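Right, one structure below, let's go through it.
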Amino acid sequence: MALSTENLSQQILEFKAALKQKSPDYKARFESVTDAMKAEIARIKQEESEGSAIPQFEYSDIAASGFNDEQRARVHRAGCCIVRNALPRDEVSAHNENLSKYIIDNGYYDHKSTVEDNYFSQLKSDKPQIFGIYWSQAQVWARQHQNMATLRRHLNHLWQWQDPRSGKAYFNPDLESSYADRVRRREPGDATLGLSPHVDSGSIERWIEPHYRDVYHEVFHGDWTKYQAFDGRSRVDVEEFPSPAVCSVFRTFQGWVALTQQGKGDGTLQTVPSTLAMPFMLLRAIQDDVEEEDLCGAAPGRALTVYKEWHPLLLEGLVSIPKMQPGDTVWWHPDTIHAVEDKHNGDGYSNVLFIGAAPDCEKNRAFLAKQRPTFLNGDSCPDFAAENHERNYEGRATEADLSPLGRQQMGFE
Numbered sequence: 003m004a005l006s007t008e009n010l011s012q013q014i015l016e017f018k019a020a021l022k023q024k025s026p027d028y029k030a031r032f033e034s035v036t037d038a039m040k041a042e043i044a045r046i047k048q049e050e051s052e053g054s055a056i057p058q059f060e061y062s063d064i065a066a067s068g069f070n071d072e073q074r075a076r077v078h079r080a081g082c083c084i085v086r087n088a089l090p091r092d093e094v095s096a097h098n099e100n101l102s103k104y105i106i107d108n109g110y111y112d113h114k115s116t117v118e119d120n121y122f123s124q125l126k127s128d129k130p131q132i133f134g135i136y137w138s139q140a141q142v143w144a145r146q147h148q149n150m151a152t153l154r155r156h157l158n159h160l161w162q163w164q165d166p167r168s169g170k171a172y173f174n175p176d177l178e179s180s181y182a183d184r185v186r187r188r189e190p191g192d193a194t195l196g197l198s199p200h201v202d203s204g205s206i207e208r209w210i211e212p213h214y215r216d217v218y219h220e221v222f223h224g225d226w227t228k229y230q231a232f233d234g235r236s237r238v239d240v241e242e243f244p245s246p247a248v249c250s251v252f253r254t255f256q257g258w259v260a261l262t263q264q265g266k267g268d269g270t271l272q273t274v275p276s277t278l279a280m281p282f283m284l285l286r287a288i289q290d291d292v293e294e295e296d297l298c299g300a301a302p303g304r305a306l307t308v309y310k311e312w313h314p315l316l317l318e319g320l321v322s323i324p325k326m327q328p329g330d331t332v333w334w335h336p337d338t339i340h341a342v343e344d345k346h347n348g349d350g351y352s353n354v355l356f357i358g359a360a361p362d363c364e365k366n367r368a369f370l371a372k373q374r375p376t377f378l379n380g381d382s383c384p385d386f387a388a389e390n391h392e393r394n395y396e397g398r399a400t401e402a403d404l405s406p407l408g409r410q411q412m413g414f415e
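So this is what it looks like as structure tokens:
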């Protein structure tokens with residue numbers, strides 16, 4: 003049955019009633035997860051005091067031999083990681099300068115959008131910090147760079163990508179589907195871009211959409227300690243409510259590449275580095291102190307927000323990323339809670355290209371068929387508001403700028 007917003011309150015009521023009947027231990031289950039989450043918060047604080055709770059690796063090490071068992075376990079626990087020196091620093095800095103020229107020379111700041119960007123519409127600023135730019139030379143260069151392909155292949159292999167019994171593949175970890183995301187260029191002193199802790203890739207869907215329910219079966223009905231956040235089964239079939247605020251492709255990791263130096267205090271990324279956070283949120287929403295028609299404030303077509311009212315424990319684990327240099331990358335699981343610091347207190351621009359890992363699968367191939375015409379026309383990526391800034395931009399990347407790998411990632415081959 004197709005996902006529908008009709009009678010959404012009734013869908014939530016029916017879900018909760020059925021779950022509580024099938025899993026009468028839902029209170030004890032949540033208490034157990036809460037105890038485990040408290041231990042995770044203690045771990046995060048301890049690791050932060052020693053440096054960073056976010057695992058960090060060198061690209062050259064990962065490219066040579068992939069993630070070893072110890073590194074794999076760390077990423078599986080934290081749900082995020084940093085891979086340094088993924089792209090050549092000098093080239094990244096040059097592309098950062100060219101991107102600034104591309105934006106300014108083409109009059110981006112003079113363009114008045116006639117469509118609403120639902121994700122960032124609450125941010126009121128005369129000068130944007132998130133840019134509806136998708137097809138600059140810098141972005142296309144980075145997406146199709148061989149280093150990024152190598153790194154994302156190893157990141158994809160952190161997942162269980164095929165059925166261990168039949169060998170049937172859920173997705174192809176060795177081939178990327180190029181997903182066009184935006185640009186962040188945040189000025190020093192900016193206080194308009196802070197984003198509350200949240201999770202992308204759907205909100206209410208995590209409880210009521212059949213494939214999502216299958217993803218979280220162990221959390222709701224089985225042995226929650228056996229839940230595997232990196233199991234690709236059913237993830238590739240998840241359906242989201244259509245919205246300019248929700249990604250409609252399957253991503254093994256969200257991510258970005260730093261264009262400038264940035265770190266704590268520079269108005270940049272924060273995460274809760276624990277894959278236990280999602281089971282906690284899922285079970286929190288079905289406890290008896292939450293209204294029967296509510297899921298702790300989750301709303302269709304929006305990110306899943308972490309609230310002080312419902313999730314104070316999770317907020318204790320929110321940490322900022324350590325200092326990043328141009329060419330460094332950060333990656334987080336689609337269930338990982340993340341945020342953006344309220345204010346940029348640093349001295350220089352805090353710039354990134356949003357680039358995730360979206361491996362080849364049926365869901366992503368269907369998206370590429372919609373995305374290719376937008377690339378050729380200079381329109382916005384289909385997952386975002388149709389601002390279409392770049393239609394007549396000078397210097398926009400075209401099909402001629404795609405490498406053989408880039409053509410493959412875009413689905414031209």
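The working numbering puts the first residue of the sequence shown at 3, with every later residue one more than the last.
Quick reminder that beta carbons are idealized off the backbone N, C-alpha and C, glycines included.
Being a predicted model, the structure only gives us computed values, none of them experimental.
Apart from the 5 residues on each side of it in sequence, H335 sits with its Cβ closer than 7 Å to the Cβ of G81, C82, A231, F255, T277 in its chain, given in chain order. Within the model, the alpha-carbon separation for R304 versus G413 is close to 29 Å. Straight-line measurement puts the Cα of R155 at about 10 Å from the Cα of N149. Straight-line spacing of the CA atoms in A359 and W226 works out to 27 Å.
Straight through space, the alpha carbons of Q373 and Q327 are spaced by roughly 31 Å. Assignment of D71 by DSSP, reduced to helix, strand and coil, places it in the helix class. In the structure shown, Q141 adopts helical secondary structure according to DSSP, grouped into three states. By the CB criterion at 9 Å, N100 and G329 fall outside the cutoff.
Looking at the DSSP output, N366 bridges to nothing. Nearest to N174 by alpha-carbon distance, out of R235, A182, Y136, K103, is R235. In this structure, L157 lies away from D362, with their beta-carbon atoms at least 9 Å apart. For N174, the enclosing beta strand (DSSP E) stretches over residues 174-178.
Three or more beta-carbon pairs separated by less than 8 Å are not found between the segment 259-266 and the segment 387-396, which leaves the two stretches without contact. Secondary structure note for A30: its alpha helix (DSSP H) is the uninterrupted segment 28-51. In the DSSP annotation of this structure, A260 is not part of any alpha helix (DSSP H); the continuous beta strand (DSSP E) holding it starts and ends at 256-260. If you draw a 10 Å sphere on the C-beta of H113, you find fewer than 16 other C-beta atoms in it, and that means exposed. The three-state secondary structure of I135, taken from DSSP, is coil. Per the coordinates, the alpha-carbon of N379 lies some 28 Å from the alpha-carbon of S95. Less than 9 Å separates the beta-carbon of I288 from that of W209.
If you check the CB distance, V354 and T270 come in under 9 Å. Between L315 and K40, the C-beta spacing is below 9 Å. In the DSSP assignment, the residues bridged to T273 are V321, H340. Around the C-beta of I135, 16 or more other C-beta atoms lie within 10 Å, and the residue is accordingly described as buried.
Ranked by how close their Cα comes to the Cα of A182, the residues V217, Y218, R145 have R145 in first place. One Cα belongs to E93, the other to G350, and the distance between them is close to 19 Å. Within its own chain, the residues whose Cβ lies closer than 7 Å to the Cβ of Q13, once the five positions on either side in sequence are excluded, are I210, listed in chain order. For Q162, the pairing in a beta bridge is given by DSSP as D233. Rounded to whole angstroms, the separation of the alpha carbons of I43 and Q131 is 31 Å. Sequence-distant partners of E207 (beyond 5 residues in either direction) whose C-beta falls short of 6 Å from its own C-beta, in its chain, are Y214, E242.
Note on the segment 72-117: whole alpha helix (DSSP H) runs with a minimum of 4 residues are 91-107, in chain order. Beyond the five residues adjoining it in sequence on each side, D344 comes within less than 6 Å, by CB distance, of G196 in the same chain, given in chain order. Boundaries around R286 are those of the alpha helix (DSSP H), 279-286, since no beta strand (DSSP E) includes it.
Take the alpha-carbon of K365 and the one of Q139: they are about 27 Å apart. Taken atom to atom, the span from the alpha-carbon of P302 to that of A66 is near 42 Å.
Sequence-distant partners of L10 (beyond 5 residues in either direction) whose C-beta falls short of 6 Å from its own C-beta are missing from its chain.
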